[in-house]
Amino acid sequence: MDNSTTLVLDATGKTGRRVAARLRLRGTPVHAASRSSRTPFDWTDLAGWDRALRGIATVCIVPPTVPGPVHDFVTRAEAAGVQRLVLLSTPRWSSASWHFRPVPSPSRSSTWKMSPTSRLRC
-13 MDNSTTLVLD ATGKTGRRVA ARLRLRGTPV HAASRSSRTP FDWTDLAGWD
37 RALRGIATVC IVPPTVPGPV HDFVTRAEAA GVQRLVLLST PRWSSASWHF
87 RPVPSPSRSS TWKMSPTSRL RC
């Protein structure tokens, strides 16, 4: 299966909305996810994560405003075949970043490499 779609979390917010728009301008297939979107996503609704991750190659994560189960989400993303996670920087980053800590190497270590990415100016 050719996963080329990018899931943008918090896609109705200031950062997520701009990232989704720029990706679309580049021709990247995007699933814009938020609590009220066609692709529903809520950090507190673990049951909806698997549906949102189906067929996704890349996830752009806008940090949640409150500590969330990010590590569980990463585990599910790996199981769903996601190849890249991108943590988006936002003004709320400094207050939310404490719960983003290094994640142990996943079983498919070749899939989860840190690599330079092109910048999206928003």
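Counting from -13, one number per residue, gives the positions in the sequence shown under the numbering used here.
Glycine included, every Cβ here is placed at the ideal spot set by N, Cα and C.
8 Å contact criterion, which residue i and residue j should meet: CB distance rounded
i	j	result
THR1	LEU74	6 Å
LEU39	ALA63	6 Å
HIS17	THR25	4 Å
THR68	ALA43	The sequence given here places Val at residue 68; Thr does not occur at that position. Their Cβ separation, rounded to whole angstroms, is 7 Å, which keeps VAL68 and ALA43 in contact under 8 Å.
Test item: CB-CB of residue i and residue j under 8 Å
i	j	result
THR(-8)	GLY41	no
ASP36	ALA66	yes
Terminal residues of the beta strand (DSSP E) in which residue i lies
i	result
ALA19	16 to 20
LEU71	70 to 73
DSSP beta-bridge partners of residue i
i	result
PRO26	SER20
THR(-8)	VAL16 and THR44
Extent of the continuous alpha helix (DSSP H) to which residue i belongs
i	result
ASP58	56 to 65
THR1	0 to 11
ASP36	32 to 39
Proximity test, Cβ basis, 8 Å: residue i and chain B
i	result
ARG40	No chain B is part of this structure, which consists of one protein chain only.
Any contact of the segment -8 to 2 with the segment 42 to 61, i.e. 3+ C-beta pairs under 8 Å?
When C-beta atoms of the segment -8 to 2 are compared with those of the segment 42 to 61, three or more pairs fall below 8 Å, so the two segments count as touching.
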